[in-house]
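Chains as they are written, first to last, in the numbering used here: chain L, 64 to 446; chain G, 64 to 446.
Encoded structure:
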């Protein structure tokens, strides 16, 4: 299959092209001012400008190409001025590759229990010191422009899985209004702005949200509002729907999915990029993702197990250490345990996306999907 | 200066030669079955078979050549059988270079407040679960042989700085008796056994301890019983004394010194190898050792400081990150902060020892000493 011509982007220094398709799965290439990203791509999460317990050079070595950082957290600690004084996040966190920042919307809605949603934004209490703040589309964009990531996100409202249809509809309306505002106030031309589609698992609202965002026009689209407690079948049906609604030639980002089978499910439905804190969070509690399911290293059965975490893995942890040693580190709360398990879990997901890409390029994505479903059978959805 | 012939060692596969002298400072070369160690040499501490927060490959990259692990801790967690099942510590902890294990003596005496000292050993309660145990020279040797380090230590009694002269004298007598027992029960010929000189800061007891251990005959000698609260001048006077008592052609190991000026002080008094938990422990509380003194990164003045920790340092932390970023990591309790500060602090001390070696080889150790005393003036003794 020959690659179709890439659409022109508003953001300068960027391009995205779908290079191959296999069924609905896509292999693509995103070009950014800080380098190329082959898709499908798993994006490690560096919440506070650090992928927890992982040195940037090790992140590059394991194949990660783009990392995510959280506007909400960086706004409060260390504050925008400190990052800006470094010339932006790349220099601040020592990562030369592409960076994506979210808008803070997700945290404002999920972390604050004393929020007041207003037409122009959200008033809430900081989780750091309880002080009152207002996030608006203008502020979210100004902060993201100062943080200086390559890819930035519209300020949106992600309704929780428990929201009523009216609440989801209101969130869709606000998300559209705020997306338009973000587009309007954007001043940097060297940042790719992503529009986020909301609407929960309601088809009508999803269609509305997608149509309104496409009408504003973005270089890339995110599928937000999923992985918030809905059933797996509803989630997948919604991704199916989105595949038919989003422009075929634009990058698609699924926010927050990190279990191996779920990743393959969304790749198979046309998603290009995804992220999750799962691999690093699980690592810090002693759980390894493997191609044969999850291993909880606190389990005594690993005490004398001289095998690597995953025989098929080429990561630092699997090449040099046994399950027995890693269990020892976990049980003794040694930092090295979190380091090695983080490197392994990230390598597994980054490698899974790379394997999916290779399968798509070779036209054998269906076989790959079946193989993953079988091998990761003990995996399941994120905890 | 031509190197004198190296003395024959009892341990097979080992050799030590003093390659150059400058005043009383020595540059030497220790050969082991797992590689060479150039001295003077700072030995990072890997208490529970991990130098905390540092990957073995990064330890090698920063120039560390030999690491220490603690018999006491490994005896209880994960237990000797687990390490032995790996074929020993090298494979267990993923470190191909030389390893030294202590005997457990220091921990038995310093950690247990319910110990009973007997002629044949010490009965004490484990800090892990309170269970009662007896460590003897026989057990300490059997455990160290199973752990499989290159260099092992005699089971000794390190009297605290508050001990009376009678108590120190009793500790010296037991240390001699136990050293003889360790020599007798040793079965592995491929492990270098170090005799430990005790005697606090009492000249008569030091002379007695040294004479008795030399009479038993060891391949190398450790200066124990210092850095336990004595005054700096007493400590240095004791090292001066030891320099005249220990065989000039044998490796000398000062147990537990990690502040830069103290390290240079003991190198200048004929010490070849030393260790300390200081660099990694300080790293985990946010303190950096630098060539201009210590930096407590919790101090607000580093909040906007775009300089590296130490302009003259070539470590990963100094090459890639600012003080402001490292402070952010420390304040947010990010694991990466402990990782980067550990790499830096270890690199500083490993590099300091390497610089001392170069100065000795070039016959300019006095200048080096004066330079260090001036540069590290804000350093002081370990906290």
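Backbone N, C-alpha and C define an ideal beta-carbon position, used for all residues, glycine too. Given the structure is predicted, the values throughout are model-derived calculations rather than measurements.
Classify residue i: buried if its beta carbon has 16 or more other beta carbons within 10 angstroms, exposed otherwise.
i: residue 259(G); result: buried
i: residue 286(G); result: buried
i: residue 64(G); result: Low confidence applies to residue 64(G): its pLDDT is 48, below 50, so where it sits in the model is not reliable, and the reading given next is rough at best. The residue in question, residue 64(G), is exposed, as its Cβ has fewer than 16 Cβ neighbours within 10 Å.
i: residue 364(L); result: exposed
i: residue 441(G); result: Low confidence applies here, because residue 441(G) scores a pLDDT of 49, under 50, leaving its location unreliable and the question unanswered by this model.
i: residue 321(G); result: buried
i: residue 193(L); result: exposed
i: residue 71(L); result: exposed
i: residue 278(G); result: exposed
i: residue 135(G); result: buried
i: residue 77(G); result: buried
i: residue 195(L); result: exposed
i: residue 432(L); result: buried
i: residue 444(G); result: Bear in mind that a pLDDT of 35 at residue 444(G), under 50, signals an unreliable position, so the number given afterwards is only what the model happens to contain. Classification for residue 444(G): exposed.
i: residue 439(G); result: buried
i: residue 386(G); result: buried
i: residue 225(L); result: exposed
i: residue 437(L); result: exposed
i: residue 81(L); result: buried
i: residue 430(L); result: exposed
i: residue 446(G); result: Residue confidence for residue 446(G) is low, a pLDDT of 29 falling below 50, so the modelled location carries little weight and cannot support an answer.
i: residue 382(G); result: exposed
Cβ atoms of residue j and residue i: under 7 Å apart, would you say?
i: residue 160(G); j: residue 413(G); result: no
i: residue 428(L); j: residue 83(L); result: no
i: residue 219(G); j: residue 168(G); result: yes
i: residue 148(G); j: residue 374(L); result: no
i: residue 343(L); j: residue 290(L); result: no
i: residue 119(G); j: residue 150(G); result: no
i: residue 189(L); j: residue 139(L); result: yes
i: residue 221(G); j: residue 242(G); result: no
i: residue 360(L); j: residue 341(L); result: no
i: residue 263(L); j: residue 231(L); result: yes
i: residue 227(L); j: residue 261(L); result: no
i: residue 408(L); j: residue 370(L); result: no
i: residue 85(G); j: residue 423(G); result: yes
i: residue 302(L); j: residue 332(L); result: yes
Looking at the secondary structure, which residues open and close the beta strand (DSSP E) in which residue i lies?
i: residue 278(G); result: Run containing residue 278(G): none in the beta strand (DSSP E); it sits in the alpha helix (DSSP H), 266-279.
i: residue 359(L); result: 356-359
i: residue 375(L); result: No beta strand (DSSP E) contains residue 375(L), which DSSP labels as neither H nor E.
i: residue 337(L); result: 336-339
i: residue 215(G); result: 214-216
i: residue 122(G); result: Careful: residue 122(G) lies outside any beta strand (DSSP E), inside the alpha helix (DSSP H) at 119-124.
Quick one: what's residue i bridged to in DSSP?
i: residue 184(L); result: 181(L)
i: residue 81(L); result: 91(L)
i: residue 148(G); result: According to DSSP, residue 148(G) bridges with nothing at all.
i: residue 285(L); result: 259(L), 316(L)
i: residue 105(L); result: 337(L)
i: residue 162(L); result: 130(L)
Counting along the chain, where does the alpha helix (DSSP H) carrying residue i start and finish?
i: residue 326(G); result: 323-330
i: residue 98(L); result: Counting along the chain, residue 98(L) falls outside any alpha helix (DSSP H), though it belongs to the beta strand (DSSP E) covering 98-102.
i: residue 245(G); result: 228-248
i: residue 139(G); result: 134-139
i: residue 195(G); result: Counting along the chain, residue 195(G) falls outside any alpha helix (DSSP H), though it belongs to the beta strand (DSSP E) covering 195-198.
i: residue 351(L); result: First-last for residue 351(L): 350-353, but that is the beta strand (DSSP E), not the alpha helix (DSSP H).
i: residue 424(G); result: 398-424
i: residue 308(L); result: 295-308
i: residue 432(L); result: 428-438
i: residue 174(L); result: 168-174
i: residue 392(G); result: 386-394
For residue i, tell me which candidate among the options has the shortest Cα-Cα distance.
i: residue 113(G); options: 93(G), 76(G), 372(G), 154(G); result: 154(G)
i: residue 91(L); options: 372(L), 315(L), 222(L), 247(L); result: 315(L)
i: residue 100(G); options: 416(G), 346(G), 249(G); result: 416(G)
i: residue 280(L); options: 137(L), 221(L), 144(L), 255(L); result: 255(L)
i: residue 207(G); options: 235(G), 195(G), 165(G); result: 165(G)
i: residue 106(L); options: 96(L), 80(L), 133(L), 86(L); result: 133(L)
i: residue 253(L); options: 209(L), 358(L), 336(L); result: 209(L)
i: residue 304(L); options: 411(L), 282(L), 272(L); result: 272(L)
Chain C contacts made by the stretch 151-175 of chain L, where a contact means CB separation under 9 Å: The chain inventory of the structure shown lacks chain C, comprising the protein chains L and G.
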